[in-house]
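Participant:
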Amino acid sequence: MEIRPLSSISFDEVLASFLQAFENYFVKMPTDKPYYENRWKAAKVDWDASYGMFDQSQLVGFIIHAIDRRNQLLTAFNTGTGVIPAYRGKRIIQSIYTHALKDLAQRGIQRTTLEVITDNHIAVRLYQGVGFEIVKKYICFKGTLPILDIPTPSLRELKKEAIDWDALPNQDKYSWDNQQESIVEGDYRYFQVLHEGEAESFFIIQPAQHYVAQLDLLQEKNQSWDRLFAGIRQISPAMKINNVDNRLTEKIHQLQRMGLEHTVDQYEMELEIEKISSPSSA
């Protein structure tokens, strides 16, 4: 078997291996090609910096990396790791990481991060063995928003070019796919919820997927959260939101108050490549 960049094969071949690796996963994964084309493009996947283990021509394991500068550091985000069932237990991911960390370091990548479901203990231990450390914990929710007994709030839709990201709270607590740099590359709509003529809260949503990437209050008044969720319901009664930082206790409380189902928890894990003493130690 040998390790090669995923740029050496077609998107369809990568996706076929990805879906095979994620059969019977903790959560049901989408299977449609356009979803992954859009998601990985928005995440800024670099196929030259993504790696596969090949048994002759068959892709049997992989690490898919998005590359971007986030929080002032050039970062490789692992947006998908997997091994097809017949090849598990052969330390394939560890072998790919040994190769990948050397290559990423040569490319000037300073840090690599990933997300993993907290109950996936085998994967957590694997990543810790590679050198990753847990730095954040996220909570995921989904469900149908209730009809609230309040006046229907007014919404203002903005173009993404008009968004003042510096004025939006808690931008440092969003995960890779929900950060500004990924959102502006995706098919999102941005709304402000108005109260007494002023923007009181906001949300960023993909209506077709019922997916909310960001939501928060801009100013807190009586029933501000209710108006925010009522505003979201005007665009999509169903709602899914991934990776709410567990330090945002009020936001979590409000999502629970709306009756949304707590689905899974995830860790964000991080490895600072520049701390690797030499390529041979990777």
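Just add 26 to the spot in the sequence shown (first one is 1) and you have my numbering.
Note that the Cβ used here is the ideal one computed from N, Cα and C, for glycine as well.
Nothing here was measured: the structure is a model prediction, and the numbers come from that model.
#1: Helix, strand or coil, according to DSSP, for Ile118 in the structure here?
#2: Can you give me the Cβ contacts of Ala126 inside the same chain, cut-off strictly under 7 Å, excluding the 5 residues immediately before and after it?
#3: Three Cβ pairs or more, each shorter than 8 Å: is that satisfied between the segment 146 to 155 and the segment 269 to 281?
#4: Comparing alpha-carbon positions, which option in Glu49, Gly169, Val53 and Gln235 lies nearest Ala112?
#5: Check whether the segment 168 to 188 touches the segment 129 to 147, counting contact only when three or more Cβ pairs, one atom from each stretch, lie closer than 8 Å.
#6: Cβ atoms of Phe103 and Arg30: under 8 Å apart, would you say?
#7: Restricting to Cα atoms, I'd like to know which of Asn248, Asp190, Gly223 and Ala239 is closest to Lys199.
#8: Threshold first: 3 residues or longer. Then list the beta strand (DSSP E) segments lying entirely within the segment 87 to 158, N to C.
#9: How long is the line joining the alpha carbons of Asp291 and Ala75, rounded to whole angstroms?
#10: If we count the other Cβ atoms within 10 Å of its Cβ and call it buried at 16 or more, is Tyr51 buried or exposed?
#11: Could you pull out every unbroken beta strand (DSSP E) segment of at least 3 residues lying fully inside the segment 201 to 235, listed in chain order?
#12: Are the Cβ atoms of Thr289 and Phe167 separated by less than 8 Å?
#13: In the DSSP assignment, the alpha helix (DSSP H) including Phe37 goes from what residue to what residue?
#14: Decide if Pro13 is buried, meaning its Cβ has at least 16 other Cβ atoms within 10 Å, or exposed.
#15: Rounded to whole angstroms, what's the CA-CA distance from Leu254 to Ala149? Just pull it up for me.
#16: In three-state DSSP terms, what is Gln292?
#17: Report yes if the CB atom of His221 is closer than 8 Å to the CB atom of Met265, and no otherwise.
#18: To the nearest whole angstrom, what separates the beta carbons of Tyr293 and Ile160, a pair I think is in contact under 8 Å?
#19: Here's the rule I'm using: 16 or more other beta-carbon atoms within 10 Å means buried, otherwise exposed. How should Glu300 be labelled?
#20: For Ser180, report the span of its beta strand (DSSP E) as first-last.
#21: Please confirm whether Lys247 and Tyr216 have their CB atoms less than 8 Å apart.
#22: Leaving aside the five residues before and after Glu211 along the sequence, list all residues of the same chain whose C-beta is less than 6 Å from its C-beta, in chain order.
#23: Using CA atoms only, rank isn't needed, just tell me which of Phe229, Gln245 and Ile267 is closest to Ala256.
#24: Between Gln98, Ile110 and Leu100, which has its C-alpha nearest Glu39's C-alpha?
Facilitator: According to the structure shown:
#1: Looking at Ile118 - three-state DSSP - the assignment turns out to be helix.
#2: When the five nearest sequence neighbours on each side are left out, the beta carbons in the same chain lying within less than 7 Å of the beta carbon of Ala126 are those of Tyr77 and Ile89, in order along the chain.
#3: No, the segment 146 to 155 does not touch the segment 269 to 281.
#4: For the residues Glu49, Gly169, Val53 and Gln235, the minimum Cα distance to Ala112 belongs to Glu49.
#5: Contact between the segment 168 to 188 and the segment 129 to 147 is absent, because fewer than three Cβ pairs lie under 8 Å.
#6: No, the pair does not count as a contact, with Cβ atoms beyond the cut-off.
#7: Ranking Asn248, Asp190, Gly223 and Ala239 by CA distance to the CA of Lys199 puts Ala239 first.
#8: Those beta strand (DSSP E) runs which fall completely within the segment 87 to 158 and span 3+ residues are 99 to 109 and 137 to 143.
#9: So the two alpha carbons sit approximately 28 Å from each other.
#10: Within 10 angstroms of the beta-carbon of Tyr51 lie fewer than 16 other beta-carbons, which makes it exposed.
#11: Runs found: 215 to 221 and 224 to 232.
#12: Yes.
#13: Residues Phe37 to Ala47.
#14: Since the first residue of the chain shown is 27 and the last is 308, residue 13 is not available in this structure.
#15: Cα to Cα, Leu254 sits roughly 36 Å from Ala149.
#16: Correct three-state label for Gln292: strand.
#17: Result no, Cβ atoms of His221 and Met265 do not sit closer than 8 Å.
#18: Ile160 and Tyr293 do touch by the CB rule: their CB atoms are close to 5 Å apart, below 8 Å.
#19: Residue burial is scored here from C-beta neighbours: Glu300 has fewer than 16 other C-beta atoms within 10 angstroms and is therefore classed as exposed.
#20: Per DSSP, Ser180 belongs to the beta strand (DSSP E) from Ser180 to Leu184.
#21: No, these two residues do not count as a Cβ contact at 8 Å.
#22: Only Ala68 meet the Cβ criterion.
#23: Closest option to Ala256, Cα to Cα, is Phe229.
#24: Nearest of Gln98, Ile110 and Leu100 to Glu39, Cα basis: Ile110.
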